[in-house]
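Student:
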Amino acid sequence: MSAAAANRPAGTPLLGLAGSFAGAEQLLQARRLADAAGLDSEAFVPAPEEALIRKLRPQSTQNPVRLWTLLGGIGGGAAAFAMTIWMSKNWPLVVGGKPIVSMPPFIDVAFEWTVLFGAVFCALGLLRIARLPRLRFSPAYRPEFVVDRYGLLIRCSPAEEALARGLLAGAQAERIWPVRARLLPPLTLPAEVEDEEE
Amino acid sequence: MKSPLIQIASAPPAPAAGSAASGGQEAFDPAAGAGVQNRRGFLKSLGLAGAGAALAGCGTGQVEVLPYVVPDARRTPGEPVRFATVCRECPAGCGMLMRVHDGRATKAEGNPDHPLNRGKLCLRGQSALQGLYNPDRFAGPLLRDARGRWQSLSWEAALARLAQEISSVEREGRAAESAWLGGLENGALGALVDDWLRANRYPPRLSYEAYSYDALRLAAAAVFGQPVIPGFDFAPARYLVAFGAEFLETWLSNVEYARQFAAMHSYGHTRHPARFVFAGPRLNLTGANADENWQLEPGAEPLAMFALAELTARRLHRRLDWPAGVQPPAFSAERAAAAARVPLDVIRRAARRLVRHRPSLVLGPGVANDDEQAVFTHLAALRLNQMLGNVGVTVFPDRPHALSAAAWQSQVLDLFGRARRGGVRLLFLHHANPAFHLPAAAGIRAGLERIPFIVSFARQMDETTQSAHLILPDHDPLESWGDYAPRPGLAGLLQPAMRPVFDTRPTGDILLWLARHFRQSLPGAEPQPPVASMLPPSAGVIAGAHPGASGELNDPATLGLGGHPSRLAPAPESPASPNLPSSAAAIPAPEGSNLRSSPNLPQPDPDDALPPAAVTNFDQYLRRRWQSALAPGAAPEEQARIWRRFLAQGVWVAPGAAASPSPRQVASIRASSPMPAGPLVLPLPHPTLAPAAPGPPPPAPPLRLAPAGPAKFRGSGRFTLLLYPSIRFFDGRQANRGWCQEIPDPLSKICWDSYVEIHTAVAQPLGIREGDILRLDSPYGAAEFPAHLANGLHPAVLALEIGQGHANFGRFANQRGDSPGKLLGAQLAGGAWLPGFQIQVAARRLEKRRNLANLQIERQQWDKKIALAVALADADTAAAREPEMRATWYSFHPYPHHRWAMSVDLSSCIGCNACVAACYAENNIPVMGRSACMSHREMAWLRVEVYAGDSRHPPTRMNPDLRFIPIPCQQCDNAPCEYVCPVFAAYHTDEGLNGQVYNRCIGTRYCSNNCIYKVRRFNWFTPQWPAPLDQQMNPDVSVRAKGVMEKCTFCVQRIERAERSAKIDRRPLRDGEIQPACMQTCPTQAIVFGDQKDSRSRVAQLQRRARSYHMFYEENCFPAVNYLKRVKFELNST
Amino acid sequence: MARAQELDMAGVEPRQMAADVLRPVQNRPTLAWGFGFGLALFCLLIGAVSWGWQLYIGLGVSGLMWPVMWATYITNFVFWIGIAHSGTLISAILYLFRARFRAAFSRASEAMTIFAIATAGIFPILHLGRAWIFFYVLPYPNQRRLWPNFRSPLVLDVFAISTYFTVSLLFWYLGMVPDFAQIRDRASGWRRTLYGLLSLGWTGSERQVSPYLKLYILLAGLATPLVLSVHTMVSWDFSTSLLPGWHEEIFPPYFVAGAIFSGLAMVLTLVIPLRARFRLQRYITLDHLESLCKLIILTSSILTYSYLTEYFIAWYSGNTYERTAYYLRAFGHYWFPFWLFTVCNCFVPLLFFWRRFRRSILAMFIISILINVGMWVERFTLLVTTLAYSYDPGSWGVYHVQWVEVGILIGSFGWFMTLFLLFVQFAPSLPLGDLHKDILLARRNRQRLAEAALLPESLAARSSP
Amino acid sequence: MFPLKSIAALGVLLMAAFLWIFYRQNQPYRSGPRQPIDFSHRVHVRRGLACDYCHQDVMRSNYAGLPSLLKCISCHREVIPYYPQVQILHAYWRKQRPIPWRRVYRLPDYVHFSHRPHIASGIACQTCHGNVGAMNRLRQVVNFNMSTCLTCHRAYGAKTDCFQTCHH
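Chains as they are written, first to last, in this note's numbering: chain A, 1 to 198; chain B, 199 to 1332; chain C, 1333 to 1797; chain D, 1798 to 1965.
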């Protein structure tokens, strides 16, 4: 292990230690140990399951995306009513004996825009909260995190590296490796940058 | 780059796409299109289509605007002017006002001052403009070269060739062997021709008319002593019997008779309508309006008439005596009625009513039944009228119709017999087409081949002119001078409405030129002392404009002025007007037209006096003839003033002439006009010099009548062939007109095709379906026609329409099917004076089919209360009222000013479709061709549907109960078409109209789907108007491009023009001042338009009537058009 | 039996499953795909030429006439929108119900939705008389100060379809983001760039997964009412009119049921060949297809009920217009299409009551095609007979189909198949995320069963890798 | 590896093109078409000629009408007859051919405009045709699109009924 640390180019600060796990239980175990140790950690999950996420972040069940969707929906509905009523009144043409502002059709337009703006703002909320789209990956990312392996990045100073390594080993991490805090070029995987020691 | 809305000349025609229309490529078929599309055109138009919208604003093309050189104070560019003239579409001679926009004739309307038609025109009258602008007219003189091909040549060369031919005939001394076969000309032109023929020692002219009413004239000769066609007045009659006479379609003067018939028979005009009995083997449009229909055996008309006459005589306790030379039939009335298969008590009842209801009118058979049997029927009818005292009340032998001067058919057949024997050296054809009208067996073509030299003055190629050698095309009546007297004491004047469209010359000018060329002096054309200029010194001269014809033109400045528009200094084709939005300006002048002033023989300068030498132009000849008659001794200025007043009025009524126009109708229109009320009655000192009354009738051949017995017909076939004149084509002369072909036959609703009518009960067992082609074999020839299954005719009868089947008559008329002429015989029947029409034919179904373009495939109302009828007894009672309820959630429209509405009286509507033709003319409605009509893609904004009874009153043989219902756009308050249009192209204006904004429409067509009256039409293709037909367009109405919906607009351009002038003159609109085109021309005044909000208006009063109802009122659309139920004497019980 | 399927899933390795699913994406298109794509392009070309011809000459080249102004183009529009709805049903509505069988073909049916709307969206423009100014319908600010008429069902259509397309596109695309990440990591060169962009930089971090799952639930929630509203508004094109035969209150539910019915049939038609071609039988099992057939029986019975209601009400109301319209629809000129669709929609699906039909791939494929033919003919008949025999007997007219319309119908299928084949080639046609969840679930179940010693030996043996 | 710069460049290019087209569209009409005779309104108006002296149909018809050749000659027989432009006028008069003026103001064919009601309700010519009195060669100052007419109609409370007023 020390050899890898040895040939670490000087000057690139250590972000933390990352470990990959075979199953969700090991990840949860590692997350509990890291929390116990008071270390900040970021989990990587291949199969987005509701239950697992709730276990990983027990406290924050309410996700702000809901707020984005609600506001978008209400805004869309209001905009539709405003548009339809204003436009009908701007040049009031009598059509089929119906009143200028006839609610039934306007309600439909409002419903459509409520759904439309709700969905669009929901997507915008996702992109905003998840800080997508990004061209540069997180240094700790490994291709298998998206396929079948679970990953956990424990942010620690070089001093706490040993503690972190111990935690990860304790949670039966398959592989553990240090993660440099460096800016990757767009769309290039961390693995391709330098040959991480196995 | 023109805005996409106008794609007349440039857009390529559309290819054939209708259902498999068997038969050759149509001569005129915009929907069939040009077939092969070149790649460049395809890409160009894709580009055009793609970028079409954005280009509306930035026009880059340079458009010239031409001011006058010398202005004419009387003419305002953009404002229509009306010229009074006479409709020469048939011998009736109705008065016509031609509306002219900036030098282009755009709409024909009736002349309200003419006592014959009083402002109304029929379908053919409305289509006169399509004769003037017909694309198949000759563009100049033609000479046939040795190999039979037509070479065009200059007028000078053509006239020289004619002069050379005349002098060679003179040299050969065969002057007596020449002949003039012309149309019915009894005005100044007739006199000129007679004088010219006399000067050249040619035999007198023959006025050839296909419908010459020989049988009626012979009967009149026997009864009244003179072989003339008596005048008829239907209005006073209290009981009418017609044995097939089509007086509402083509018989003599159908517009006049339609008005009189409505006055006597329609509940809208009289509270005590008279009963009308129709008898004949086939129910025509006239019979459809009858209260009683006797379906006679074919050829049994004389028997039934004899029975009626006999029974009436018995009730009058008088003996029915027959004029000399007529052996009375040798059998009793009872046997005659039985032979005619008419129940005796029906005839006895009719006889009783004839005696009780006086005065009455009895008419003989129609024109298609002109053989020796018909003479007896007419004779019995006239005797019956005499016995009942109708002479002088409804029958006027002293006022003979102009047709009395027509040549007998036998004279024409003799002429061509002589021609076949080589006895005719030189033939002049002046608008006569015997090769088409007379049967093929008459050998007309063989006779024409043997004539060494034929000169034809025809306006377009026809079956007779194709054998001519020299063609000197005559002006169209609407661009020429002349006069026409339908009956003595009444004369209408023709004046040109616009500059000639093609390089044509009036025949009168040619004759005058010939007279000068051969230094002959003609009576009316002698040199006279120079007469001070008739014309005001300063301004140019415009033809007389009729003030206030429809109340629009109330500018006193346009007092009628005599003179020919061509006399103007070369007024530009598009007069000075910067942003002339009229669609006409955007249309390039037709290549063919020369637009030069008419005959440029040494043309006198307009401003100086008439030349001392002989008269050079026919209009001078005409003016001198009339002026000397109207004011013989007066000073020239006075003569000129009277001449201009007469020109503006367009009609001359001899003092004391009985028929004067009805006061109410003329007064209401002429209230604002400076002209004195009432017709212009001028003293007439010299009866002899009176404008030519119909000339002395030719001597009648000897009168030998066979005894009336059961009809004997030639041929051995199972069916009797019956020909009937067509309301759309008269005798075939209007066949080459898009409107006449596309507006369907009022009863069969078939357009563009000739067909044979066969009774449904006879056809089905023979396995004949609609459209199967039948081969008819007669003793004289064979012909093939698609079958149309009908119910209105006798099972043993096959009926064919006269008028279709042209071989060489123009793009609209050709390829419309076989001609009935092939089947007819020509050897004269019995007394050697009448061609026999009625023959027996055998019918055989061929395997071929030709789908018929039928515009109304369903005749039953399916219990949907569309055309309703009510018995006379409870016409004005509550029983007639329909339980209409106006229920809507929304508030009613707050119409601030007007609510335009229309009322249609089904009692007055006779189904003549004149309104449909007027709508086509007024609103630039395109003609779409046969393959488009096959799939109902015609563009008619107004259609007249026909239904046979309704579910509670099924039709019977005695009472077919046919009902006509004109359906314009109903301009609904809660219009189903408005709320479905996504772009507000259809919306409701605050004057009650259902607006259709053409440039906003994107063509979703949902409005047409949702319209429950189906009055909206869609432009499937870019409409085509072959030049110069596009000159007829009304500049006040936008022309629609492809992909745009259109519909009846209540003639909004007329509404706007009247509202604008009323607003500027600060006066309220008068009721009746605005007349949509359909109301203006309806002969029976069935359509009334007005402001529903004004309770005193006529339309509001009609809406309050008991028998008023709205179509499909349960749907709560609140239409603005209300119908008045048809009042029948008695309704059939279920 | 279903439990066995799930257990079978437990044995699958996610990496192996990902490799199977992504095989078409990673390597070059096969010859068969090329042939299919060529055929689809050819059909699309036929449609394009037909439409070009119609633009150049005018709508007259089609068989449309007075009074039948709507026929095949609006039929195609309703037909394709109908097909779109079942895709949303499977991917969104069944997601809310946590239906287990939906995962396998939810991505394919969602793709079918997008491409069906893309096809249907063309027809409101294509059927216009002046298609080049279709934008008059949109509420864009213009110097003429003219706005669209919001009271017209056609404008409601514009809003409905644009919203439906946008929401479905978001739902479909964002669902594929994690899968694109997998492709990105395996790809190189231009593929890496393309899928890198498409994957929006997805790394599976919990900061991304948590809002992602919330979004998925919310979009599924929003899409459900949207489906019902879109086809309701499409049915308003007809039911807000005055014509007897269209002006019925039952139209909205009847159209929605019809839409889902024809959509399910189209899912079967598409998934069966897809499953066979790419050997995905293990993931899209027979059980999944059988549950689709059960749904088809349900919607078919709703349709049958609707037809019977229409006729009963027409008779019961005693309204002469209604009676005439419905009588002539069944016995008028168009009697053959009427009876054809009645058989296809009401009687053919009843075969699925027999298990033999529900389990045979060939039977399902044939019946699904018959159903779609029936549904197209049903809308065609509903449109044409009502317009042909409307109020005024004098205005009755018979419509005949022309070659341009056939060309455009073929073109619409060509356009749909072109998009679908592109999707199959360049995007994961199965949702890897959902399948992965199913695998994990199956493994947990297998462990629980193993502990309770309930596992049949055969499966236990096979499950060990 | 990612062509960020090229996409940005393309975007800028597109924006520039769009702005240029937008600018060209709303460019006021620079100068009217070249007329066969360089007639100057400014000179004639300064001589005190009223509009309806030459355009005499403005009160009587939809079209304002152009002065006839006779009207021009009636003055220019004596007024500056040797001026080259007037010589062209005399040439036309001798040939008795109308002067082919180029149209300056154009309305699409689906709009029915009439001068008569506008003049009758007291609208000045300058409102739509700009200060013609100051122009040598006539050019269109006001863009005759729908919003121009609409603004004025709404300001004056005139009829703005699409179908009955303009588009029938």
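Don't be surprised by glycine CBs; every beta carbon is placed ideally from N, CA and C.
Bear in mind that the values here come from a model prediction, so they are computed numbers and not experimental data.
When you compare the CB positions of D/His1909 and D/Val1855, do they come within less than 8 Å of one another, or not?
Tutor: For the purposes of this step, residue 1909 of chain D is taken as residue 112 along the fourth sequence, with counting starting at 1. For the purposes of this step, residue 1855 of chain D is taken as residue 58 along the fourth sequence, with counting starting at 1. It is not a contact, given that the beta carbons lie outside the stated cut-off.
Student: Name the chain A residues that come within less than 7 Å of B/Tyr1088, Cβ to Cβ?
Tutor: If you number the second sequence from 1, residue 1088 of chain B lands on position 890. Result: Gly97, Lys98 and Pro99.
Student: Please determine, among D/Thr1945, D/Trp1890, D/Tyr1902 and D/Tyr1879, the residue with the shortest C-alpha to C-alpha distance to D/Ser1871.
Tutor: Sequence index remark: in the fourth sequence, residue 1871 of chain D carries index 74 (1-based). Among D/Thr1945, D/Trp1890, D/Tyr1902 and D/Tyr1879, the Cα nearest to that of D/Ser1871 is on D/Trp1890.
Student: Let me see if you follow: with CB-CB separation under 8 Å, is C/Asp1517 close to chain G or not?
Tutor: In the structure shown, chain G does not exist; the protein chains are A, B, C and D.
Student: Which chain D residues sit within Cβ distance under 7 Å of C/Arg1477?
Tutor: For this step, residue 1477 of chain C is matched to residue 145 along the third sequence. Near C/Arg1477 (Cβ distances below 7 Å), the residues of chain D are Ser1944 and Leu1947.
Student: Are the region 1594-1612 of chain C and the region 1620-1635 of chain C touching by the rule of at least three beta carbon pairs closer than 8 Å?
Tutor: Output reads yes: the region 1620-1635 of chain C touches the region 1594-1612 of chain C.
Student: Could you pull the DSSP bridge partners for B/Arg1252 from this structure?
Tutor: Reading the second sequence from its first residue, position 1054 is the one you call residue 1252 of chain B. Per DSSP, none; premise fails for B/Arg1252.
Student: What are the residues that DSSP puts in a beta bridge with B/Glu262?
Tutor: As a working note, residue 262 of chain B is residue 64 in the second sequence. B/Glu262 pairs with D/Arg1899.
Student: Who are the neighbours of B/Val1242 on chain C, taking C-beta pairs under 9 Å?
Tutor: Here residue 1242 of chain B refers to the residue found at position 1044 when the second sequence is read from its first residue. Going along chain C in sequence order, the residues near B/Val1242 (Cβ under 9 Å) are Gly1461 and Arg1462.
Student: For the alpha helix (DSSP H) containing B/Ala713, name the first residue and the last one.
Tutor: Numbered from its first residue, the second sequence carries residue 713 of chain B at position 515. Counting along the chain, the alpha helix (DSSP H) containing B/Ala713 begins and ends at Thr705 to His715.
Student: Looking at chain B, is there any beta carbon in it that lies within less than 8 Å of the beta carbon of C/Leu1486?
Tutor: As a position in the third sequence, residue 1486 of chain C is number 154, starting the count at 1. True, the Cβ-Cβ gap to chain B drops below 8 Å.
Student: Do you know offhand how far A/Phe44's Cα is from A/Val146's?
Tutor: Along the first sequence, one-based indexing puts residue 44 of chain A at 44. Along the first sequence, one-based indexing puts residue 146 of chain A at 146. Approximately 8 Å, taken between the alpha carbons.
Student: What does the Cβ neighbour count give for A/Ser157, buried or exposed, with the cut at 16 atoms within 10 Å?
Tutor: In the first sequence, the residue the question calls residue 157 of chain A occupies position 157. So A/Ser157 ends up on the exposed side.
Student: Grouping DSSP H, G and I as helix and E and B as strand, with all else coil, what is B/Gln1290?
Tutor: Along the second sequence, read from residue 1 onward, the residue named residue 1290 of chain B stands at position 1092. Note: B/Gln1290 maps to coil in three-state DSSP.
Student: Using C-beta distances below 6 Å, list every residue in its chain close to C/Arg1539, excluding the 5 sequence neighbours before and after it, in chain order.
Tutor: Along the third sequence, read from residue 1 onward, the residue named residue 1539 of chain C stands at position 207. Closer than 6 Å at the Cβ level, and outside the excluded window around C/Arg1539, lies no residue.
Student: Tell me the DSSP bridge mates of C/Trp1398?
Tutor: Reading the third sequence from its first residue, position 66 is the one you call residue 1398 of chain C. Looking at the DSSP assignment, C/Trp1398 forms no beta bridge with any residue, so it has no partner.
Student: Would you say B/Asp1072 reaches chain A, if we count a Cβ-Cβ gap shorter than 8 Å as a contact?
Tutor: Looking up residue 1072 of chain B in the second sequence gives position 874. No, no contact with chain A.
Student: Exposed or buried, B/Ala219, counting other C-beta atoms within 10 Å across all chains shown (16 or more means buried)?
Tutor: For the purposes of this step, residue 219 of chain B is taken as residue 21 along the second sequence, with counting starting at 1. Because B/Ala219 carries a pLDDT of 34, less than 50, the predicted location of this residue cannot be relied on, and the following value inherits that uncertainty. Looking at its Cβ environment, which holds 16 or more other Cβ atoms inside 10 Å, B/Ala219 is buried.
Student: Rank B/Arg648, B/Arg619, B/Glu508 and B/Phe655 by C-alpha distance to the C-alpha of B/Leu586 and give the top, closest one.
Tutor: As a first step, residue 586 of chain B must be located in the second sequence, where it is residue number 388. Checked all of B/Arg648, B/Arg619, B/Glu508 and B/Phe655; the closest Cα to B/Leu586 is B/Glu508.
Student: Taking any Cβ of chain A, which residues in the region 1178-1192 of chain B have a Cβ under 9 Å from it, in chain order?
Tutor: Those residues of the region 1178-1192 of chain B that come within reach of chain A (Cβ to Cβ, closer than 9 Å) are Val1178, Cys1179, Phe1182, Ala1184, Tyr1185, His1186, Thr1187 and Asp1188.
Student: Quick check: the Cα distance between C/Leu1363 and C/Ile1698, rounded to an integer number of angstroms?
Tutor: As a first step, residue 1363 of chain C is located in the third sequence; it is residue number 31 there, counting from the start. As a first step, residue 1698 of chain C is located in the third sequence; it is residue number 366 there, counting from the start. Spanning the two alpha carbons is a distance of roughly 26 Å.
Student: Is any beta-carbon of chain C found at less than 8 Å from that of A/Pro185?
Tutor: Taking the first sequence and counting its residues from 1, one reaches residue 185 of chain A at position 185. No, no contact with chain C.
Student: Select from B/Leu395, B/Ala440, B/Pro984 and B/Arg403 the residue whose C-alpha is nearest the C-alpha of B/Glu490.
Tutor: Walking along the second sequence from the start, residue 490 of chain B turns up at place 292. Of the candidates B/Leu395, B/Ala440, B/Pro984 and B/Arg403, the one whose C-alpha sits nearest the C-alpha of B/Glu490 is B/Ala440.
Student: Under 9 Å between beta-carbons, which chain A residues line up against B/His629? List them in chain order, please.
Tutor: Within the second sequence, residue 629 of chain B is the residue found at index 431, counting from 1. Under the 9 Å cutoff, chain A gives no residues; its nearest Cβ is about 54 Å from B/His629.
Student: Just by C-beta distance, which residues in the region 1560-1576 of chain C are closer than 7 Å to chain A?
Tutor: From the region 1560-1576 of chain C, only Ser1561 and Met1565 have a Cβ closer than 7 Å to chain A.
Student: Kindly indicate which residue of C/Gly1366, C/Ser1571 and C/Leu1683 has the alpha-carbon position closest to the one of C/Leu1715.
Tutor: Counted from its first residue, the third sequence places residue 1715 of chain C at position 383. For C/Leu1715, the nearest C-alpha among the options comes from C/Ser1571.
Student: Of the residues C/Ser1441, C/Phe1433, C/Ala1591 and C/Asp1489, which one's Cα is nearest the Cα of C/Ala1457?
Tutor: The sequence position of residue 1457 of chain C within the third sequence is 125, counting from 1. Correcting the residue type first, residue 1457 of chain C is Ile in the shown sequence and not Ala. Nearest of C/Ser1441, C/Phe1433, C/Ala1591 and C/Asp1489 to C/Ile1457, Cα basis: C/Asp1489.
Student: What in chain B is Cβ-close to C/Val1716, meaning under 8 Å?
Tutor: Your numbering for residue 1716 of chain C matches position 384 in the third sequence. None at all; the shortest Cβ gap to chain B is about 11 Å.
Student: Would you please state the rounded distance, in angstroms, between the beta carbons of B/Ile1123 and B/Trp1139? I believe it to be under 8 Å.
Tutor: Taking the second sequence and counting its residues from 1, the one referred to as residue 1123 of chain B is at position 925. Taking the second sequence and counting its residues from 1, the one referred to as residue 1139 of chain B is at position 941. Contact flag correct, Cβ pair sits at about 6 Å.
Student: Any contact of the region 375-394 of chain B with the region 614-630 of chain B, i.e. 3+ C-beta pairs under 8 Å?
Tutor: Enough Cβ pairs lie closer than 8 Å, so yes.
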